[in-house]
Structure formats: structure tokens, C-alpha cells
């Protein structure tokens, strides 16, 4: 049961001019399952991506990097579920190349203008022939008004499709930003991968788009954790088709940059949070806010120490205001000169730790009240400076163990 | 149910000349429970310790460091369970000081010659008066032949007392090394603390003993993980009474150094492994051996990435030879220039990953056979050099979540 996350309504998802989406059942791993997505891009679209840092990155990630490095206009993205094509060596690369080549031939472009993505089991050969056989059906089904279908086609262990849209005006012209994602790199390295695709019909140069992507990733997908695991296939792609007819944003100082970057980040944050809300076994959505650090990096260390701690996470699952576990995680986060006596801790609106010790005014029943909520904010004040950061995570429940212990059976 | 760990037999635990152990029921948190240990040391004993790096370290840890820094001969160690005296500020220090002062008065030494240790709930005031009231009973019970009683008195959520002895000859004279420990820093930050005490009747200078301790800690307690959490109270103490009448070991080049250091490390490794075998909810004991690294540090990164991964740990719990999860953890361990194509992975005697991909000769039933065992060795070969390291961990089971979710109730 995801935490406060309903499937998107079709009417809430706005088409992006210049992006057509087609879905098919290729039978990659199971029959009768939408497992193939083709995204066709209008000519002139800018495309940028960030990928997993895992050294065992998958064949499609390697190809994406290769193709993007050639700087030819990207004309299509090809996504399959059911098989991650990771840990598959040269053979995996050949199979991924073949699917790109076939799609390129069908739409009349070079193989390098197609970007491949895979998610699913690791170390099994990609059934490229089944993907190729399904391509004509996916292409025939391509239309602009199909973001919900696309969000469904990339799901693996997700229980809810994840998609959202934002509308804004740039120079008096309406512009759309729509994105889809599936969970989750840090959750399922088997069904390996967090995949996210965000598209806008605004016109943005490749360089400016890359900046927007980096900023959005830093504030969204790089701020979430379920269990600290990072997958072999994680990819976050940002597409700008220019089909809305706006002025091209070429740099950060462009008058439209901030507004568009803001909308892109907003969509990315929404998707990242949706991944956590639908995290394996999640019963609580937890925001960890760290303030008063010397810099953002040390705030992040503390926030992730709290968010990764299995003991903190089981305490949230149990709705137990177990303050020691929170303090303990802050203490081992890796700030060697942290002055414990300056640390404040708030659980929701309750001031639980004052100057590094239990707040004399704190009453257990107040902590209990907050812990029972399904959305909880932990606020840590370090008392060292003015930097801050926010990380989102979920609790650690029996279902997490069940899902991961029984996953392949 | 601990993994292959039976309570020690009293006759297997050898007294250490110059160390007397007395146990009492102080009622620190619960009645009718041995919760107080006094270790009295003969005059002239050397004592060294390593302590938690957690910034929220407990009052007794602060006092231990203070007292040791004064370099006066330590005459007694005082350990209580039921209360960690952590997150308790100045008041906590005052209470710990008082217990030391009372014990010092009773045995006729300075307060700074007593070292205090506490383990139990965090952020609650230490009932110093109850500890003080029980001191005469603990002192009256002091005897050399009481290591099992001592091991029992320091247990918190441990299910089995942990203690072992080794015997060796130094210069023709019999020498004993006996140690006790309780789990575990990285398991219970509430019942906060891994505590370990190892004593020998060999004669060792403070400086040489410190070297032995550092080396033993690096190969034992710093090589284990249950869930990555590090407590506020972790302490590992090494005592050399000199009562066996051997020549004093003053430096690493001393002819007896290597033999004694080896025995001390052996005892520490045994105790560290016992903590893992008795880890919360553990059903498997897992050895992660990483070889072929450029240096020990990068081997440790890979070993701990594997040992910390909740996905790897649930796969062990489920006896599922889920290779992708292992590869994935190796890939994100933080070696940026790791050549995935050179990585080999063995599960027990089965070669599962060859040159970074699935070994063509690997059969799932072979992996399955190994995964069903209760003691499993994962061997990773990085193909980068000749450094190596070993880490021990356990699986992540339903019981881990239950124990930690229900802990305070």
C-alpha cells in the first residue's frame, strides 16, 4: 500500500508537443503484460541524461552514454521491462544495439539516434528478437496522449503508475512539463532500476538542458533512499522538444530559465517522492530535514545517516519515538567536530532533543502522537552554520523483508 | 537462535591471574537480574581501550578517556547494564563520576583509577544510588574464577553469554588470554553498545599493549556489521596484569610480542564473530572475503558494501542465490576505476561470476546448495592487486524487524 499516492487521473497528464508514446506487449519475461515503450521525439528535440554510477552498469546505460556522446539528434527512446540486460557483457551490448538498429530502421534514422533502457532481472540474456517483433505494434500505437500508458508500461514491482504534469507560461506561450518514473534504483537492483523521463515542449539548448537536469537530479532522485542500494540501470532523462514555439533557452541567465528549471525540478521531486511513497513495504513517508550545517555536504551526511539507519526505520515502522536511535545516527554520520551539545531535534512540531540531550519539556506521548502519523518530518538543527538539505525515505517493515526475500520465487 | 554458538562451558574459561570478577543484582532497570560487574585488577596491570567514534558518546566513555589520559594505574572496571548513561549531559557525567568515586573509596584508590562502562537505554538518568548500593555485594563476590558470571552480567539482548580463552607459553611460562563481550554496537544503539574485555596475565607495557589492541580491533570488532549502526558506548578494553611472571613485552620487536598479539587477536575475532552469530534475528553467518584489491581500504569498501546491503542480506535470509544483488553492491562500493570485467565471485566453492558476467558453467542449483548452508563464504576477486580483507555479517530476517520494532514495548 503506497503512502498517500493514488494513480494519476488521465486528464491530469498533459501531452507534450513533439513527444509520441507507444506501448506494446513484447513478452520479454511474462506474457500479457505491457513491457515495451517507444518514445518518438520530433526533429530538433534536445535530450540529456544522468545515469547510475554503479561500476556494473548495464549494457543499455553504456549504449546511452555512447550514443549521447556522438551528439546526433535523438529521435527515439526504447524502454523494456522484465530484463535489465545487466551483467551480460559483450553479448548484452550486441543485443541492445540490435534493438536500437531495428527501431532506427523503422523510423528512418541512425542507430545512434535511439537510446535504449532496460529494467528487470539481472544477468539473463535480453530476448532482443521478442522486442524487435513487438516494435511495429508499439510504433503503430504511438500518440501524444499516452503518458499514463507509458507510466504503466515501465512499472516493475511498482504498485502505482507514477506520472505528473505542470503547466507554465514562457513569453506568453503555454508550455508543458510532463514526467513519468518507476521505482527504484535504491530499492530493486533486480528489477534493477529507477527510470525517469521528463519532457517539455519548451525550446532549450543541450547545454542549458544539461544544467537543468543536474540541478533537478540533485534535488530529487539524489535525495531519496529506501535501503541505500544503487542499481545498475538508473537513468533520468530530460527532453525538450521546442514544439511549443518558445524562444530557445540557451543559458542560465535567459529570462525563462528559472521558471522552466523550477517546473522541471518540481516534476522530478514529485516523481522522486512518489517512488518513496511506493517503496517496498513502506507504511510511512519520512522527510529528514537537516539545517544549520557548515555546508550542504555535511547536512546530506547527517540526513542520509538518519534515513539509512535500519534501527531508525524500524522505529518509524513501530511508531516508537525512539530518540536514542535518531541521536545515535546523527552522531555517527561522519562530522568529526560535531558539537553534540548544540544539536536540536524536532519530530514534527515536537522539540525532543534540546542542546544535545532530552528536552526537559518533552513528553513521550507527544512523540508518540507524531510517530503515529503516516507522514513525518524529522528536523535536525546542527548549530554550525546556515546550510541545509532535505532527504526523503520510508520506514523498514516486515513487508520489505518479505518482498525481498520472496522476490524471485 | 544464534548461528552455531553455544554457551561456553565453565571449564573452558580460564582465570587470568590478577583479575577478579564480582557480579551483583543492582536493579538498574529490572529486578532479579545480574546487571553489575566489578573487575578488580592487581597492582601494576596495564590497561588500554578503544572507544566509539560516535559524536554522541556516552558519559562513561568520556570518563574512561579522561581517566586513561591521566596515566594512573587502573585498579578496577565497573560495568552496568540496563542504562547506557548516554545523551545525559553534565548530569550523566556527575552520576558516572559518583559510581567511580564510591568504588575507588571501597578499594582504596583514586576515582581516576576506576573505569566506568554502561549499556542499556539511552537518554534516561543513571540510577547511580542503586549501583552504589550494590557495590559491596559485587566486591564481596569477586574471584578469579568468574568469567562466565561476568559474561552473563554484561548481556542485554544477547541470547548467549560470549567468552573464550586461549593458552600459550611465553619464555617457558604458561600465559592465559580470556575475553568476554556483549553485542553489539552495530546492532543495538538502545541497549547501546558493544562491550568487550580481554585480559592476559602476561606482562606488557602500556605502549605495546596499545599496539596489540589497535591491531586486534582492526581485525575483529571493526570487521563486523549487523546493520551498519554504530553505538554511543562501544568499548573494547585490553588488560595485561603481568601476574604470570613473564618478561615484560615493551615493543613489537620483543620475541614474545607476536605470539601474544596473535592470541589476543584470536580471542577478539572469536568474540566479534560470536556477536554476529548472536546478531538480532540472524539465521546465517556470512563471511565476506575480498581479494585482489589495490589496498586494504578498497577491499574493505567492497566487503562492507556487500555486508551492509539489505538486499543482499534478505537474499541470504531467503537462501536465494540472487547474484545480481551481490554484483550490484560491488559496483556501488565506491571504487571509481573498478574494471567490472575482471571481477570474479565465488559463493562457497561455486564460481558464479566470471570476468564480470555470469559464469557459463554456473548452475542455479549449485548456488542454491550453498545458500542453504547456515555458514556461507562470499569471495570477491577484484583483479587489481594483492590486498585483501575479511568482514563478517549475518542475514536480515523478519525477526530483525520484529526485535527492533517491538524493542521498547
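Chains as they are written, first to last, in this note's numbering: chain D, 1 to 409; chain X, 1001 to 1409.
Heads up, the beta-carbon is just placed ideally off N, CA and C, and yes, glycines get one too.
- One Cα belongs to residue 1233 (chain X), the other to residue 1121 (chain X), and the distance between them is close to 11 angstroms.
- Apart from sequence neighbours up to five positions away, the residues of its chain that approach residue 388 (chain D) with a beta-carbon distance below 8 angstroms are 289, 290, 291, 292, 293, 296, 299, ordered along the chain.
- Interface residue (Cβ-Cβ distance to chain D less than 9 angstroms): residue 1343 (chain X) is classified as such.
- By the 16-neighbour rule on beta-carbons within 10 angstroms, residue 1397 (chain X) is buried.
- Following the DSSP letters along the chain, one finds residue 1214 (chain X) inside the alpha helix (DSSP H) bounded by residues 1206 to 1219.
- Collapsing the DSSP output to three states places residue 1116 (chain X) in a strand.
- With the criterion set as a beta carbon lying under 9 angstroms from some beta carbon of chain D, the segment 1372 to 1394 of chain X has no members that meet it.
- The Cβ atoms of residue 1043 (chain X) and residue 1033 (chain X) lie no closer than 9 angstroms to each other.
- With a threshold of 9 angstroms between beta carbons, residue 366 (chain D) makes no contact with chain X.
- Residues of the segment 1050 to 1069 of chain X that bring their beta carbon within less than 9 angstroms of a beta carbon in chain D comprise 1052, 1053, 1054, 1055, 1056, 1057, in sequence order.
- If you draw a straight line from the Cα of residue 1141 (chain X) to the Cα of residue 1305 (chain X), it comes to about 46 angstroms.
- For the options D:61, D:199, D:254, the alpha carbon positioned closest to that of residue 20 (chain D) is the one of D:199.
- Rounded to whole angstroms, the gap between the alpha carbons of residue 1224 (chain X) and residue 1392 (chain X) is 5 angstroms.
- In this chain, the beta strand (DSSP E) harbouring residue 1078 (chain X) covers 1076 to 1083.
- Taking each of X:1315, X:1343, X:1029 in turn and checking the Cα distance to residue 1373 (chain X), the smallest one comes out for X:1315.
- In the DSSP assignment, residue 273 (chain D) falls within the alpha helix (DSSP H) that extends over 257 to 277.
- The beta carbon of residue 1160 (chain X) lies closer than 6 angstroms to those of 1002, 1005, 1007, 1278 in the same chain, with the five residues before and after it left out.
- Cβ neighbours of residue 1168 (chain X) within its own chain (closer than 6 angstroms, five residues either side excluded): 1175, 1259, 1263.
- A straight line joining the alpha-carbon of residue 248 (chain D) with that of residue 202 (chain D) spans about 8 angstroms.
- At a beta-carbon threshold of 8 angstroms, none of the residues of chain X lie near residue 128 (chain D); the nearest stands roughly 17 angstroms away.
- When secondary structure is reduced to three states using DSSP, residue 1044 (chain X) falls in the coil class, being assigned neither helix nor strand.
- Look at the beta carbons and you see the segment 1209 to 1222 of chain X not touching the segment 1052 to 1059 of chain X: under three pairs across the two are nearer than 8 angstroms.
- Spatial neighbours of residue 1209 (chain X) in its own chain (CB-CB distance under 7 angstroms, excluding positions within 5 residues in sequence) are listed in chain order as 1046, 1048, 1238, 1240.
- According to the DSSP assignment, residue 351 (chain D) belongs to no alpha helix (DSSP H) but to the beta strand (DSSP E) extending over 350 to 354.
- Residue 1197 (chain X) is bridged by DSSP to X:1180, X:1237.
- As DSSP reads the structure, residue 1371 (chain X) sits in no beta bridge.
- Counting the other CB atoms within 10 Å of its CB gives residue 1337 (chain X) a total below 16, which places it among the exposed residues.
- Inclusion of residue 183 (chain D) and residue 165 (chain D) in the CB contact set at 9 angstroms is not warranted, their separation being larger than that value.
- When the Cα atoms are used, residue 1074 (chain X) and residue 1022 (chain X) turn out to be separated by approximately 17 angstroms.
- Fully contained in the segment 298 to 352 of chain D are the following beta strand (DSSP E) runs of length 3 or more, in chain order: 344 to 347.
- It is roughly 15 angstroms from the alpha-carbon of residue 116 (chain D) to the alpha-carbon of residue 107 (chain D).
- Inter-residue distance for residue 1138 (chain X) and residue 1099 (chain X) is about 13 angstroms (C-alpha atoms, whole angstroms).
- Just measuring C-alpha positions, the residue of X:1087, X:1040, X:1090 sitting nearest residue 1113 (chain X) is X:1040.
- Our two residues, residue 1038 (chain X) and residue 1131 (chain X), have alpha carbons roughly 11 angstroms apart in a direct line.
- Contacts with chain D at 9 angstroms (Cβ-Cβ) include residue 1086 (chain X).
- If you draw a straight line from the Cα of residue 80 (chain D) to the Cα of residue 194 (chain D), it is about 13 angstroms long.
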